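Structure first, then comments.
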Amino acid sequence: MHTVLVVIHAASGTVGLLLAVPVLLAPKRRGRHTLLGRIYAGAAVGLSLSAFGLFAYHPARLWGLALLGALTLGWLVGGLWFARRRPRVMGGRGWRIWHLNLMGSTVIAFVTGFAVQMSDGHLVAWLAPTVVGSFLIARATAREVARRPRRIGVTASS
Numbered sequence: 005m006h007t008v009l010v011v012i013h014a015a016s017g018t019v020g021l022l023l024a025v026p027v028l029l030a031p032k033r034r035g036r037h038t039l040l041g042r043i044y045a046g047a048a049v050g051l052s053l054s055a056f057g058l059f060a061y062h063p064a065r066l067w068g069l070a071l072l073g074a075l076t077l078g079w080l081v082g083g084l085w086f087a088r089r090r091p092r093v094m095g096g097r098g099w100r101i102w103h104l105n106l107m108g109s110t111v112i113a114f115v116t117g118f119a120v121q122m123s124d125g126h127l128v129a130w131l132a133p134t135v136v137g138s139f140l141i142a143r144a145t146a147r148e149v150a151r152r153p154r155r156i157g158v159t160a161s162s
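Residues in the sequence shown are numbered from 5 upward in steps of one, following my numbering.
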């Protein structure tokens with residue numbers, strides 16, 4: 005069972021890392037963004053659940069993996085909730101800002117896990133993705149806030 009969990013974890017992590025940038029760069033509308041986003045979300049669920057399973061085998065050594073899995077799952081559920089419900093916050097577009105921040109946080113988690121694995125747990129691998137990713141999320145959030153709201157024009161036809 006341990007080997008199955010490792011394979012699921014590695015495959016989910018690979019799929020998530022490969023899809024993160026295409027999902028982020030895809031136009032934010034139905035189509036490519038939502039299709040790739042669903043696959044990415046499935047990878048995040050697989051990654052998180054397998055992290056919990058692996059933690060059960062070595063709790064003292066893999067507590068960080070379980071914590072990252074729990075955070076990732078929480079961010080994912082929150083990001084998907086905002087995308088589905090689109091609550092009217094901050095003038096109606098606030099759901100996009102929440103979605104962007106929460107889903108961006110899942111990407112940071114994927115990159116952090118990869119960096120920690122590749123560096124054998126070095127402290128910089130735990131911190132650098134959060135520092136860089138938070139800066140990128142803040143920039144994207146500022147752009148979204150600065151975007152002019154879409155206005156639906158109504159014209160009288162003669």
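Glycine included, every Cβ here is placed at the ideal spot set by N, Cα and C. It should be emphasised that the depicted structure is a prediction, and the values quoted were computed from it without experimental measurement.
Where residue i falls, given that 16 or more other Cβ within 10 Å makes a residue buried
i: residue 107; result: buried
i: residue 135; result: exposed
i: residue 87; result: buried
i: residue 14; result: exposed
i: residue 133; result: buried
Alpha-carbon spacing of residue i relative to residue j, whole angstroms
i: residue 148; j: residue 140; result: 12 Å
i: residue 126; j: residue 90; result: 39 Å
i: residue 51; j: residue 12; result: 7 Å
i: residue 9; j: residue 54; result: 5 Å
i: residue 124; j: residue 72; result: 16 Å
i: residue 74; j: residue 63; result: 14 Å
i: residue 66; j: residue 5; result: 17 Å
i: residue 78; j: residue 104; result: 14 Å
Among the options, the one whose alpha carbon lies nearest that of residue i
i: residue 16; options: 96, 47, 32; result: 47
i: residue 100; options: 64, 146, 65; result: 146
i: residue 116; options: 34, 138, 62, 30; result: 138
i: residue 69; options: 84, 29, 118; result: 118
Cβ-based neighbour list, residue i, same chain, cut-off 6 Å, excluding 5 preceding and 5 following
i: residue 111; result: 24
Point to revise | Segment contact, 8 Å Cβ cut-off, at least three pairs: the region 55-69 with the region 37-44 | key: No, the region 55-69 is not in contact with the region 37-44.
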